[in-house]
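Engineer: Sharing a structure below in structure tokens format, with a few things to ask.
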Amino acid sequence: MATDDTDLDAAIVRCTIYHPMGMMSANQTVVTEFALLGLSETWEVQLILFVVFLLLYIGTLFSNILIFSAIFRDQRLSDSPMFFLLGQLAFQDLCLSSFAIPRSLFDYVAKCHVISFDGCMAQIFFVHVFTGSEMLLLVAMAYDRYVAICHPLHYISLMSRHHCIGLVLASWAGGLLHGTVQLCFIINVPFCGPNQVDSFFCDLPLVIKLACTDTYPLEVMMVTNSGILSLVSFVGLLISYGFILYTIRSRGPSEGTTKAASTCTSHLIVVTMYFGPCLFIYLRPSARFMIDKVLCVFYTCVTPLLNPAIYALKNKEMKAAIGSLLARLSGQVSQHLLFLTMK
0 MATDDTDLDA AIVRCTIYHP MGMMSANQTV VTEFALLGLS ETWEVQLILF
50 VVFLLLYIGT LFSNILIFSA IFRDQRLSDS PMFFLLGQLA FQDLCLSSFA
100 IPRSLFDYVA KCHVISFDGC MAQIFFVHVF TGSEMLLLVA MAYDRYVAIC
150 HPLHYISLMS RHHCIGLVLA SWAGGLLHGT VQLCFIINVP FCGPNQVDSF
200 FCDLPLVIKL ACTDTYPLEV MMVTNSGILS LVSFVGLLIS YGFILYTIRS
250 RGPSEGTTKA ASTCTSHLIV VTMYFGPCLF IYLRPSARFM IDKVLCVFYT
300 CVTPLLNPAI YALKNKEMKA AIGSLLARLS GQVSQHLLFL TMK
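Letter 317 of the sequence shown, counting from 1, is numbered 316 in numbering that gives the first Met the number 0, and no numbers are missing.
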């Protein structure tokens, strides 16, 4: 254990660069790179984590690309508000996981676990853009189910194509605003050491802690931005699903209501796994715990893989579209291999 810690510290010292800053005192430097400590410092655990993260990323890529392609290849599904929003969720999950996991995989095989200052700021910005937009999109999807179950006669007018596109654009605009505000909080903050981020990516609360200034005002602003967005979105989701479950119960037991209730329960499980860590991390300034970096795994790595299984693969229409797409791809691969063997 001591040897692993010594090797990691030595690698950080070799790879991390500091540049003097004229306006600072002689014993201060400007941090131009951050060292990402990851989830563990032992080589054996890092090897296991590399395999786990690799499998998570492959599963996330495969499932979300499959769902996105199946939906927008089928005109009937892409015209449906529910599946249109689901396709957007698959795309956002792809973006979120691609800005968190590949960098972590690189660090597990590289000798230098460092990221440049600009790279760290970019990671903070895009992770918050995608998490913020996904939160708002999940609210839009809950609203879609609320209108479909509680107000079915008005569903076509309330969830028209234009309204669906407006909801998606609003989610992206909200995420972009959220990421921009977070970046503005941190971009001009002075960093003069230490530079070790105790996580597998540049997590804003942990980066703020490294600033060589009073961080409490920054943490309060971070809580105001991220915490309130997470809390308001989560409460909105709970209200929507609460109305849905109440409507289902008031109609009495039937095959349709039982299926809808089961689907809502599954959705709530995923929503809780996504919002729970965000609320725990971003609704409290100052205090940081070791479990924070483990909780980050859930909303950056686990839920992008679970979303396809919960939202799509339990749906008969979605499974039929995926089966059709896989059959077509299999046929094309077979024809290509046959062509190669005949050459």
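We treat Cβ as the ideally placed atom computed from N, Cα and C, and that holds for glycine.
1) Is the region 122–138 close to the region 162–170, with three or more CB pairs under 8 Å?
2) In the DSSP assignment, the alpha helix (DSSP H) including Leu55 goes from what residue to what residue?
3) Could you give the first and the last residue of the continuous alpha helix (DSSP H) run that contains Ala147?
4) Given a threshold of 16 other Cβ atoms within 10 Å of its Cβ, counted over all protein chains shown, does Val44 qualify as buried or as exposed?
5) Under 8 Å between the Cβ atoms of Ser170 and Ser132?
6) Looking at the ligand FMN, does it come within less than 7 Å of Asp92, judged from the CB to the closest heavy atom?
7) Where do the ends of the beta strand (DSSP E) carrying Leu35 lie?
8) If distances are taken between C-alpha atoms only, which option among Asp117, Pro303 and Ser156 comes closest to Leu93?
9) Since I believe Ile280 is in contact with Leu294 (beta carbons under 8 Å), could you give me their beta-carbon distance rounded to a whole number of angstroms?
10) Let me check understanding here. Comparing Cα to Cα, which of Val234, Asp213 and Arg248 lies closest to Phe184?
11) Hey, could you find the ends of the alpha helix (DSSP H) Met81 is sitting in?
12) Could you tell me the alpha carbon to alpha carbon distance between Met120 and Leu182, rounded to whole angstroms?
13) In this structure, does DSSP put Val188 in helix, strand or coil?
14) If Leu236 sits next to Val269, beta carbons under 8 Å apart, how far is it from one beta carbon to the other, in whole angstroms?
15) Rounded to a whole number of angstroms, what is the C-alpha to C-alpha distance between Ala66 and Thr264?
16) Below 8 Å on the Cβ atoms is my guess for Leu175 versus Val128; work out the distance and round it to an integer in Å.
17) List the endpoints of the continuous alpha helix (DSSP H) containing Tyr107.
18) Pick out the complete alpha helix (DSSP H) segments inside the region 159–224, 4 residues or longer, and give them in chain order.
19) Which same chain residues end up closer than 6 Å to Ser62 when comparing Cβ atoms and leaving out the 5 residues on each side of it in sequence?
20) What does the alpha-carbon distance come out to for the pair Ser97 and Tyr56?
21) Let me know if Ser249 comes out buried or exposed under the rule of 16 or more other beta-carbons within 10 Å of its beta-carbon.
22) Opposite Val113 in the DSSP bridges: which residues?
23) Using CA coordinates, which residue listed in Leu85, Asp106 and Leu88 is at the minimum distance from Trp42?
24) Find out if the Cβ-Cβ distance for the pair Leu282, Val206 is shorter than 8 Å.
25) In whole angstroms, what is the alpha-carbon distance linking Ser115 and Glu32?
26) Measure the Cβ-Cβ separation of Val29 and Phe190 and say whether it is below 8 Å.
27) Inspect the beta-carbon positions of Tyr240 and Leu209 and report whether they are closer than 8 Å.
28) I need the boundaries of the alpha helix (DSSP H) containing Val293, first residue and last residue.
29) Is the beta carbon of Thr262 closer than 8 Å to that of Lys313?
30) In chain order, what residues of the same chain have a beta carbon less than 6 Å from the beta carbon of Leu278, not counting five sequence neighbours either side?
31) Contact defined as beta carbons within less than 8 Å: I believe Ala320 pairs with Ala69. What is the distance between those atoms, to the nearest angstrom?
32) Of the residues Phe83, Leu35, Leu104 and Met134, which one's Cα is nearest the Cα of Ala172?
33) With DSSP as the reference, label Lys313 as helix, strand or coil.
34) Run through DSSP, which three-state label would Ser249 get?
35) What would DSSP say about Leu230, mapped onto helix, strand or coil?
Structural biologist: By the coordinates alone:
1) yes
2) Trp42 to Arg72
3) Phe116 to Cys149
4) exposed
5) yes
6) The ligand FMN is absent from the structure shown, which contains no ligands of any kind.
7) Glu32 to Leu35
8) Pro303
9) 6 Å
10) Asp213
11) Pro80 to Ser97
12) 7 Å
13) coil
14) Not really, about 11 Å apart at Cβ, beyond 8 Å.
15) A small fix is needed here, since residue 66 is Ile in this sequence, not Ala. Their backbone Cα atoms lie some 21 Å apart in a straight line.
16) 6 Å
17) Ile100 to Val108
18) 160–185, 203–207 and 215–221
19) Pro307
20) 8 Å
21) exposed
22) Ala34
23) Asp106
24) no
25) 4 Å
26) yes
27) no
28) Ile290 to Val296
29) yes
30) Ser229
31) 4 Å
32) Met134
33) coil
34) helix
35) helix
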